[in-house]
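*Asks:* My questions all concern the structure below.
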Ligand code: SF4
Ligand code: SF4
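In the working numbering, the protein residues as written are 1323 to 1695.
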């Protein structure tokens, strides 16, 4: 039995009540023979739960989208009740939800609190940067509604982090965004680089995050975060905390920091399993969890033994990684940022990482050496 199994479930497939300009999942789904798989049936979800509990001691059921709350609160109530009923006394189950916040109401807040969901709320910083890319289907900005949801989560005492996408609208304002989050008490923060559409040259979209923007935003964020942390103001910024933990010999939380792609157990609403959220494409289908012949062990073995195209060269990154002094921390980044160039392989953000580490390594090491209370 595996020690822990983390699942990334898409109960509403790629459906969403927002129309974010940079949505990578809509882009991926558009390239599939069947883009939207509809809402997940309760029976499908119960198979997922049964097979997960048969495979691992601890099961983390993560829900993402599209917008997962569109599957409806009764769907989630059934998930929790069924998992609690089926788990054996020694087993642990945990739930996470990545949401745009639009559909959260008092019944949701009660449910999330009672069942100890860890919530990720997508909030692209301040009103201007958020509304620039995250309108609803009528074209109206969603900042006020999402910010309201953040405040309600806070009042209800539900643990959550804000997830801010770094793009051409947020990166140049990153200092203002970081300070804004701090003033509002949103102290758990995650920043992830925006993806350009598949099959498109990078850097061509109005929202594209260029390497220069990324490098500058990382440095500014780090300066601000370091000042807070050393002044005793506890801000948890996932990427930097992970670097510090790695310097102490710990394992990072993000697969882009593992040094190779690992099995992310992405489950579409019809039960189709993919290796990674960034590769939920027909060419990378691994099977269907509803198939009586397969279980999570099957997928795990396929990944470990390289028996699936996604895992043939899981560690192939930038050709310079092998001799790079920053590799122990950087590990080459995410495969979606790597591309073939001049007969070799290159990471789009390599120079940004190199500059960042060269400038920050002393302070990262200092934090790693510090005993933090
Ligand atoms: S492609 Fe990126 S996100 Fe997907 S498994 Fe590899 S490193 Fe992780
Ligand atoms: S900085 Fe560049 S060469 Fe070095 S590990 Fe990262 S991606 Fe590879």
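The beta carbon of each residue, even a glycine, is placed where N, CA and C say it ideally should be.
Give me the Cα-Cα distance between residue 1625 and residue 1633, rounded to the nearest whole angstrom.
*Replies:* About 6 Å.
*Asks:* Measuring only the C-alpha atoms, how far is residue 1367 from residue 1346?
*Replies:* Each residue's alpha carbon lies about 24 Å from the other.
*Asks:* Pull every residue with its beta-carbon under 5 Å away from any heavy atom of ligand 2, and keep them in chain order.
*Replies:* Answer in sequence order: 1640, 1642, 1643, 1646, 1648, 1649, 1652, 1654, 1669, 1672, 1675 and 1676.
*Asks:* To the nearest angstrom, how far is the alpha carbon of residue 1638 from that of residue 1657?
*Replies:* Answer to the nearest angstrom: the Cα atoms are 8 Å apart.
*Asks:* Note down, in chain order, each residue of its chain lying with its Cβ closer than 7 Å to the Cβ of residue 1334, except the 5 sequence neighbours on either side.
*Replies:* Around residue 1334: 1361, 1387, 1388, 1389, 1390, 1392, 1393 and 1591.
*Asks:* Enumerate in chain order the residues of its own chain whose CB-to-CB distance from residue 1582 is below 6 Å, with the five nearest sequence positions on each side excluded.
*Replies:* The answer, listed in chain order, is 1636 and 1637.
*Asks:* Whole angstroms is fine: what's the gap from residue 1324's alpha carbon to residue 1385's?
*Replies:* About 21 Å.
*Asks:* Just reading off the beta strand (DSSP E) that residue 1501 is part of, what are its end residues?
*Replies:* That residue, residue 1501, is in no beta strand (DSSP E); its alpha helix (DSSP H) goes 1496-1506.
*Asks:* Taking the C-alpha atoms as reference points, what is the distance between residue 1695 and residue 1563?
*Replies:* Since pLDDT at residue 1695 reaches only 44, below the 50 mark, its modelled position is unreliable, and the value read off the structure follows with that caveat. Roughly 14 Å between the two C-alpha positions.
*Asks:* Can you confirm whether the stretch 1460-1469 touches the stretch 1405-1425 when touching is taken to mean that 3 or more C-beta pairs between the two stretches lie within less than 8 Å?
*Replies:* Enough Cβ pairs lie closer than 8 Å, so yes.
*Asks:* Considering only residues of the same chain and omitting the five flanking positions on each side of residue 1675, which have a CB-CB separation below 6 Å?
*Replies:* Cβ within range, chain order: 1652.
*Asks:* Taking all protein chains shown into account, do 16 or more other C-beta atoms lie within 10 angstroms of the C-beta of residue 1552, making it buried, or fewer, making it exposed?
*Replies:* Result: exposed.
*Asks:* Between the C-alpha atoms of residue 1420 and residue 1629, what's the straight-line distance to the nearest angstrom?
*Replies:* Using only the alpha carbons, I get a separation of about 30 Å.
*Asks:* Relative to ligand 1, is the shortest distance from any of its heavy atoms to the C-beta of residue 1597 smaller than 8 Å?
*Replies:* Yes, ligand 1 has a heavy atom inside 8 Å of this Cβ.
*Asks:* Heavy atom of ligand 1 less than 8 Å from the Cβ of residue 1560, yes or no?
*Replies:* Flag unset: Cβ of residue 1560 not near ligand 1.
*Asks:* Where residue 1659 and residue 1645 are concerned, what is the direct C-alpha to C-alpha distance, given to the nearest angstrom?
*Replies:* Distance between the alpha carbons of residue 1659 and residue 1645: 19 Å.
*Asks:* Tell me the rounded alpha-carbon separation between residue 1450 and residue 1492.
*Replies:* The straight-line gap from Cα to Cα measures roughly 9 Å.
*Asks:* Using 8 Å as the cut-off, classify the Cβ of residue 1616 as near or not near the heavy atoms of ligand 3, replying yes or no.
*Replies:* Ligands in the displayed structure: ligand 1 and ligand 2; ligand 3 is not one of them.
*Asks:* So what's residue 1342 in DSSP terms, helix, strand or just coil?
*Replies:* Coil at residue 1342, not helix or strand.
*Asks:* Is it true that the stretch 1409-1418 meets the stretch 1435-1442, where meeting means three or more beta-carbon pairs spaced less than 8 Å apart?
*Replies:* They touch, by the three-pair rule.
*Asks:* Alpha carbon to alpha carbon, what distance is there between residue 1680 and residue 1665?
*Replies:* Cα-Cα distance, rounded: 28 Å.
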